[in-house]
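A short worksheet on the structure shown next.
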Amino acid sequence: MPKLTIDGIEVEVPAGATVFQACELAGREVPHFCYHPRLNIAGNCRMCLVEVEKAPKPVASCAMPAADGMVVHTASEKAKRAQQGVLELLLINHPLDCPICDQGGECDLQDLTLFYGPDSSRFAENKRPVADKYMGPLISTHMTRCIHCTRCVRFANEIAGVEELGATGRGEDMEITTYLEHAVTSELSGNVIDLCPVGALNSKPYEYSARTWELKKHESVDVMDAVGSNIRVDVRGNEVMRILPRLHEDVNEEWISDKTRFVYDGLKKRRLDRPWVKRDGKLEAADWRGAMAAIRSRLDGVAATKIAAIAGDQADLEAMAALKDLMGALGSPNLDCRQDGAKLEGARAGWLFNTTIAGIEQADALLLVGAFPRYEASLVNARIRKRQRMGGFEIGRIGCPGDLTYPTTEVGAGPQSLADLLAGEHSFGEVLEKAERPMVIVGPGALARPDGAAVLAKAREAAERFGMVTDDWNGFNVLHTAASRVGGMDLGLVPGEGGRDVEGILRGARTGEIEVVYLLGADELDTRGLENAFVIYQGSHGDAGARVADVILPGAAYTEKAATWVNLEGRPQRSKLTAFPPGEAKEDWRILRALSEVLDQKLPYDTPAQLRRRIVEPAPRLGRIDRIEAAPWAEFGAAGKLDDAPFVSPIADFYRTCAISRASAVMEACVEEIRGQQLKATGSDD
Amino acid sequence: MSLSPDVESFAFTPENEERARAHIAKYPEGRQASAVLPLLHLAQAQHGGWLPQAAIEYVAAFLEMPKIRVEEVASFYDMFNTGPTARCQVRICTTTPCWLCGSDDIVAAVEAALGCKVGENTADGRFYLREFECLGACANAPMMWIDDDYYEDLTPERATAVIEALKRGERPAPGPQSGRQGAIPFGGKTTLLEV
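Read top to bottom, the protein sequences are chains L and X. For the record, in the first sequence the residue sitting at position 139 is 160 according to the working numbering, with numbers rising by one throughout. For the record, in the second sequence the residue sitting at position 56 is 178 according to the working numbering, with numbers rising by one throughout.
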């Protein structure tokens, strides 16, 4: 452990640390552009120069290993002059367009120039112009502003695993570009916008639409997948202007997927802003009273067993709890939150990502069963790639072919391959056997199928057989795609005694055994079966569910309510109200609470606090925000016949998986351009 | 930089493919990308002195490298041309030692002899003239590099003579055009007299 003196402060740093990191530990700020703690060291911006005693020249601290006895000055005359000189050189070719630059106000170059830069330039010649590059529908470029830190290139290579960005030319002619200016095909590409320390890479949808200081910044949680990425929603007035990641080391680190970042224009389109009631086969605008009355009159005299409810993929905990209570009050057992038909049942350990996302970094072997994490949970995939890059991590895969951005050993295609692996008929079994902390990820492609319960049981058998579950390690993981799923399972939104699951409800609706179906934001269903039933759709967007609805109750989207979601690890996280829902739309649990009163089944809560007390009473862990409670290992899954069909990921189109993303024009553009390019590159048509 | 898509396809000749495999064999398994420079040189030589987009993509596929990585390399080094050039490449060093010894005059003389400016091809499409940074022959400055050969100790007259000979289809003897051997002093040896 080397000991250094930084500006008179003695610090001891771990072996292998750099002088830069030592300065940070000593609490001294060193200006920098190219250095980023999550990327490889490049040492090419030269901004972090410090004076090291006995060194003949100022030293780039980010690339200098800390050695015992070093005496470092970060703000000596020599260091200051060096830093000022570098900044003056960087500014030579940087345009003075801060007043019209989107980065203005949150720009590293602006900030560092203010504190470390010279007061004027001695450069009287012409600045070097650089042609802007096309990088796709998400990233806009102003390459004249680029200072060649190569953070974006390193991000694409290292974190995103898509080697498409590069620096062509040399010296003054160096330019950052994609090959032949193709769109970047990574699902994490938007992060280069945050990484860019200047205004060279900007968000295309957000471009020129607001200034950072006009925005109100709200901390929130993403619901595009089950990861529960921490986000910051920037709002002007009542309009969401952009979405940025928020640091959470255990969930999304500081990245978010492109869908999370750019979906927000979908919040402004196809919104349900008032209740609608179908009369004579046609939806007519109504008010809340009229819509509720229509439901009451239709429900009058209908047997409880003919009523059913399905919770959608983005339903929040509060709304689902209210829905469950309402169905309970009505006496209906037909309730399900597993919209995709995933055969989840039994103990809690059987539907959680038990290893936790950060825990992936401790694993030393991985088996993917019917999972395609790149599109099902992009940040889980980024974590797997991070672990893979550390070395000593073999990844086997059963089913769901495609480029995951890291190499995998193909073990097979369907359930039979899992059985073979268990029988010792595949060499990957030895890898799992030798591993000390192996893990398995069972994806929706393995569970949302008729033999899902049997596959789950088989995966459980594999976890036990390969020693994935010990006292201090649980390597069994279920990967969800729905933000609501774990919350719904934790609340017990599954069919009650003699109740029907999603498939049963749809079948019943077709045959007339189910007369009334309540869809809580459920759009990813085969809605053809619902045409005969009386459908109440509560949700934010006019999508598949609203199309078959007889009564539409306008709800709030995820940015418009203070609500709780439980991510795939079982981590409850709460969003804040960032903008008000449009028109007459209301917070979802309030709609259910109001409806309960109209139906003479008044639910016993009037405030969010009362509702949350009701939620945490049976399950206190749901009230412990941002805390994970490990689930004890117990029985789940069911023995049964395994199908021969290969596992297929349910996500055929990453950019359009929910009502919001389907309403988004930006996501639409991504589908056309990026997806098209990916398919061309791989030559596949899946 | 932009790549030239004019050429539809590119593939090594059997001889060059064999040479390429020999280059790759010099590096450990899985490190075949290390051979990118010799392979680009092979491709450029085969294609008449420049690398079309098709050649860059061919080399990328040959070495299982992302295309952008090969483009980076090809655009970084001045020795690779990414746009169409004439077959005979005349590069005159104009870095400080050559410049002090009169490389400006050499450039003027060669421009006059070829009838084109620096950065251009001649009208007959045989020669491509360009300036170059230091080629490491400072002891024999000024100098120029034509295809694979150095022509050193130039004066405007000697440079013109070399170009005229090339225009006639001859290959003048490379090396110092002053008649001295290598870089020994003009007045003969001053050290190591016994050797």
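Cβ coordinates follow ideal geometry from the N, Cα and C atoms, glycine included.
Check for me: the beta strand (DSSP E) holding residue i runs from which residue to which?
i        : result
X:Met321 : The question about residue 321 of chain X has no answer here: the residues shown for chain X are numbered 123 through 317.
L:Gln383 : L:Gln383 -> no beta strand (DSSP E), and no H or E assigned at all.
X:Lys239 : Counting along the chain, X:Lys239 falls outside any beta strand (DSSP E), and DSSP gives it neither H nor E.
L:Leu201 : Where L:Leu201 is concerned, there is no enclosing beta strand (DSSP E), given that its DSSP letter is neither H nor E.
X:Arg213 : Cys210 to Cys215
L:His115 : It is not in any beta strand (DSSP E) - L:His115 carries neither H nor E in the DSSP assignment.
X:Val129 : Segment: none, X:Val129 is in no beta strand (DSSP E) and carries neither H nor E.
Which residues mark the beginning and the end of the alpha helix (DSSP H) in which residue i is found?
i        : result
L:Met262 : Run containing L:Met262: none in the alpha helix (DSSP H); it sits in the beta strand (DSSP E), Glu260 to Pro266.
L:Arg633 : Pro629 to Val637
L:Ile405 : Ser399 to Met411
L:Ser617 : Asp609 to Val619
X:Thr218 : Thr218 to Leu222
X:Pro160 : Val158 to Gln168
L:Leu527 : Val523 to Thr532
L:Lys345 : Leu338 to Leu351
X:Ala177 : Gln175 to Phe184
L:Arg317 : Trp309 to Leu320
Can you tell me the Cα-Cα spacing of residue i and residue j, whole angstroms?
i        : j        : result
L:Ala543 : L:Ile557 : 11 angstroms
L:Pro86  : L:Cys66  : 17 angstroms
X:Asn138 : L:Thr171 : 35 angstroms
L:Asp493 : L:Asn375 : 11 angstroms
X:Val129 : L:Arg166 : 33 angstroms
X:Pro264 : X:Glu292 : 22 angstroms
L:Lys280 : L:Ala600 : 19 angstroms
L:Ala666 : L:His562 : 34 angstroms
L:Val256 : L:Val242 : 15 angstroms
X:Leu288 : L:Met68  : 50 angstroms
L:Asp286 : L:Val261 : 8 angstroms
L:Ser210 : L:Ser278 : 8 angstroms
X:Ile268 : X:Leu185 : 29 angstroms
L:Ile695 : L:Val183 : 13 angstroms
L:Asn61  : L:Gln698 : 28 angstroms
L:Ser705 : L:Tyr676 : The predicted model places L:Ser705 with a pLDDT of 47, which falls under 50 and marks its position as unreliable; any figure quoted below should be read in that light. Using only the alpha carbons, I get a separation of about 18 angstroms.
L:Lys582 : L:Pro602 : 8 angstroms
L:Asp707 : L:Ala434 : Residue placement at L:Asp707 is flagged as unreliable, the pLDDT there being 42, under the threshold of 50; the coordinate-derived value follows with that caveat. Going from the Cα of L:Asp707 to the Cα of L:Ala434 covers about 15 angstroms.
L:Trp276 : L:Arg267 : 8 angstroms
L:Val619 : L:Met313 : 7 angstroms
X:Val232 : X:Arg252 : 10 angstroms
L:Asp246 : L:Arg521 : 26 angstroms
L:Pro442 : L:Gly658 : Reading off the sequence, residue 442 of chain L comes out as Leu, not Pro. C-alpha separation (whole angstroms): 18 angstroms.
Pick from the options: whose alpha carbon is nearest that of residue i?
i        : options                                   : result
X:Leu162 : X:Glu151, X:Gly152, X:Arg191 and X:Pro150 : X:Arg191
L:Ala565 : L:Cys679, L:Pro641, L:Ala467 and L:Glu608 : L:Cys679
X:Gln166 : X:Gly224, X:Ala133 and X:Arg213           : X:Ala133
L:Ala84  : L:His53, L:Thr39 and L:Gly182             : L:Thr39
X:Leu125 : X:Pro136, X:Cys238 and X:Ala176           : X:Ala176
L:Ile526 : L:Gly362, L:Gly412, L:Arg481 and L:Thr430 : L:Gly362
X:Thr277 : X:Phe249, X:Ala157 and X:Met266           : X:Met266
L:Glu590 : L:Leu373, L:Arg683 and L:Ser141           : L:Leu373
L:Asn495 : L:Ala503, L:Thr502, L:Ala504 and L:Glu485 : L:Glu485
L:Asn355 : L:Val32, L:Ala530, L:Ala659 and L:Cys55   : L:Ala530
L:Val298 : L:Ala315, L:Phe54 and L:Leu288            : L:Ala315
X:Gly301 : X:Thr282, X:Thr313 and X:Glu274           : X:Glu274
L:Ala76  : L:Arg59, L:His94, L:Ala63 and L:Thr628    : L:His94
Residue i touches chain X at which residues, Cβ-Cβ below 7 angstroms?
i        : result
L:Ala188 : Glu194
Mind listing the chain L neighbours of residue i? Cutoff is C-beta to C-beta under 7 angstroms, in chain order.
i        : result
X:Ser197 : Thr189 and Gly190
I want to verify the contact list: residues of chain X whose CB lies under 9 angstroms from the CB of residue i, in sequence order.
i        : result
L:Thr199 : Ile190
L:Glu185 : Pro188, Lys189 and Ile190
In chain L, which residues lie less than 8 angstroms from residue i when you measure between Cβ atoms?
i        : result
X:Leu125 : Leu201
Can you confirm whether the region 205-225 of chain L touches the region 149-165 of chain L when touching is taken to mean that 3 or more C-beta pairs between the two stretches lie within less than 8 angstroms?
yes
Using a Cβ distance threshold of 8 angstroms, determine whether the region 267-287 of chain L contacts the region 239-257 of chain L, with at least three qualifying pairs required.
yes
Counting Cβ pairs, one atom from each stretch, are 3 or more of them under 8 angstroms apart for the region 626-645 of chain L and the region 457-475 of chain L?
no
Counting Cβ pairs, one atom from each stretch, are 3 or more of them under 8 angstroms apart for the region 205-221 of chain X and the region 254-264 of chain X?
yes
Does the region 509-521 of chain L come within contact of the region 336-346 of chain L, defined as at least 3 CB pairs closer than 8 angstroms?
yes
On the three-pair Cβ rule with 8 angstroms, is the region 124-133 of chain L touching the region 74-84 of chain L?
no
Taking three-plus beta-carbon pairs below 8 angstroms as touching, is the region 290-306 of chain X in contact with the region 235-249 of chain X?
no
Hey, is the region 106-114 of chain L in contact with the region 134-144 of chain L, meaning 3+ C-beta pairs nearer than 8 angstroms?
yes
Could you check whether the region 403-419 of chain L touches the region 376-385 of chain L, counting it as contact only if at least three pairs of C-beta atoms, one from each stretch, sit closer than 8 angstroms?
yes
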